[in-house]
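Here is the structure we will look at, set down as structure tokens.
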Amino acid sequence: MSMRELVVLGTASQAPTRRRNHNGYVLRWDDEVILFDPGEGSQRQLLHTTVTATDLTRICVTHFHGDHCLGLPGTIQRLSLDRVTHPVAVHFPAGGAEYFARLRHATSFYETAELRVEPIEADGQRITLGCGTLEARRLRHPIETYGYRLIEPDGCRMLPEKLAAYGIAGPAVGELIRVGHLDLDGRRVTRDEVSVPRPGQRFAFVMDTGLCDGVYALAEHADLLVIESTFLESEAALAAEVGHLTAAQAARVATESGVRRLLLTHFSQRYPDPRRFHDEARAHFDGDLIIAEDLTTVQLPPRRVASAG
Ligand SMILES: [Zn+2]
1020 MSMRELVVLG
1030 TASQAPTRRR
1040 NHNGYVLRWD
1050 DEVILFDPGE
1060 GSQRQLLHTT
1070 VTATDLTRIC
1080 VTHFHGDHCL
1090 GLPGTIQRLS
1100 LDRVTHPVAV
1110 HFPAGGAEYF
1120 ARLRHATSFY
1130 ETAELRVEPI
1140 EADGQRITLG
1150 CGTLEARRLR
1160 HPIETYGYRL
1170 IEPDGCRMLP
1180 EKLAAYGIAG
1190 PAVGELIRVG
1200 HLDLDGRRVT
1210 RDEVSVPRPG
1220 QRFAFVMDTG
1230 LCDGVYALAE
1240 HADLLVIEST
1250 FLESEAALAA
1260 EVGHLTAAQA
1270 ARVATESGVR
1280 RLLLTHFSQR
1290 YPDPRRFHDE
1300 ARAHFDGDLI
1310 IAEDLTTVQL
1320 PPRRVASAG
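This note's numbering puts the first residue of the sequence shown at 1020, with every later residue one more than the last.
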């Protein structure tokens, strides 16, 4: 079975604390191992997990504030140090290309790893992966910022007993899936007769933003939504002013968007007690709620069951 999970490297926002490293997350999704927003210390946090730099296939940066990207120089150099042989794609807001260029070559090193630099040029840009589509949506923050979501297309699960009843086996199964029907002795068997729908899974990553359309577009029907809740409602005015969300806002987005598992993170150092984020969010979201902690792993919830008919 394929592995789909999020490894949390760090959960602090502007300043790290004794318990929280700067931001950083790794999504394992089938053949993709995607590093999101590596803040300072991400390379060392990796050592405490089962992910290695060599595993990484892709890096996604939401924006060029330090807590979301100062881990890039070390991580990029590590790819060369470890002689990574596969290309690693890197996505970031195109307007921040100058920052990326500096971070990439922040110091002298012997560069062998191949980076495939693919900046995000526009809202709604899509990148086709083997396992689905990666989509970037513009967020509302003082500098150009994009959130990301990964969408697996809906598919179908073939029912072996029904295939057997029609005597369909071997390459005919592939043809039935591809074409949608099969003609057998004058009778047409459709794919729907011998399968059930298999809803695609969705992962969304929403960092540093005030409420905006992009937040809702990313969160829509996410199986796992990773979303910043830098502040609590007591600081709602400040949050709006600096382009951040409160725990209550993030929770309401999750409810309105039909999110199944909600992971709150990117906490301001002003709140030492994480239970306050839980209590505030719980009042607005009754689904699966997790307050992120460093060096924990969060599974994608089991696949949605297709609705009948
Ligand atoms: Zn920011």
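Backbone N, C-alpha and C fix where the C-beta goes; we use that ideal spot for every residue, glycine too. Predicted model, so just to flag it, every value in this text is computed and none were measured.
{"Query": "His1263, DSSP secondary structure in three states", "Result": "coil"}
{"Query": "Simplified DSSP assignment, three categories, for Glu1299", "Result": "helix"}
{"Query": "Start-to-end residues for the beta strand (DSSP E) that takes in Ala1223", "Result": "Arg1221 to Val1225"}
{"Query": "Contact test: Asp1056 Cβ vs ligand 1 heavy atom, cutoff 7 Å", "Result": "no"}
{"Query": "Chain-ordered residues, beta carbon under 6 Å from a heavy atom of ligand 1", "Result": "His1082, His1084, His1160 and Asp1227"}
{"Query": "Inside the segment 1265-1324 only - beta strand (DSSP E) runs reaching at least 3 residues", "Result": "1280-1284, 1307-1310 and 1316-1318"}
{"Query": "Any chain D beta carbon closer than 8 Å to Gly1229", "Result": "Looking at the structure shown, chain D is missing, and only one protein chain is on hand."}
{"Query": "Inter-stretch contact (C-beta, 8 Å, three-pair minimum) for the segment 1239-1249 and the segment 1275-1292", "Result": "yes"}
{"Query": "Per-residue burial, Val1215 [other beta carbons within 10 Å of its own, 16 or more giving buried]", "Result": "exposed"}
{"Query": "Ile1170 (DSSP reduced to helix, strand or coil)", "Result": "strand"}
{"Query": "Whole-angstrom distance between Arg1295 and Ser1287, CA atom to CA atom", "Result": "12 Å"}
{"Query": "CB of Ile1162 within 8 Å of CB of His1110, strictly", "Result": "no"}
{"Query": "Residue range of the unbroken beta strand (DSSP E) whose run includes Ala1155", "Result": "Gly1151 to Arg1157"}
{"Query": "Given Thr1209 as reference, the closest of Leu1230, Phe1224 and Tyr1185 once Cα atoms are compared", "Result": "Tyr1185"}
{"Query": "Whole alpha helix (DSSP H) elements within the segment 1086-1154, 4-residue minimum", "Result": "1091-1100 and 1116-1123"}
{"Query": "Counterpart residues of Asp1202 in DSSP-defined beta bridges", "Result": "Arg1207"}
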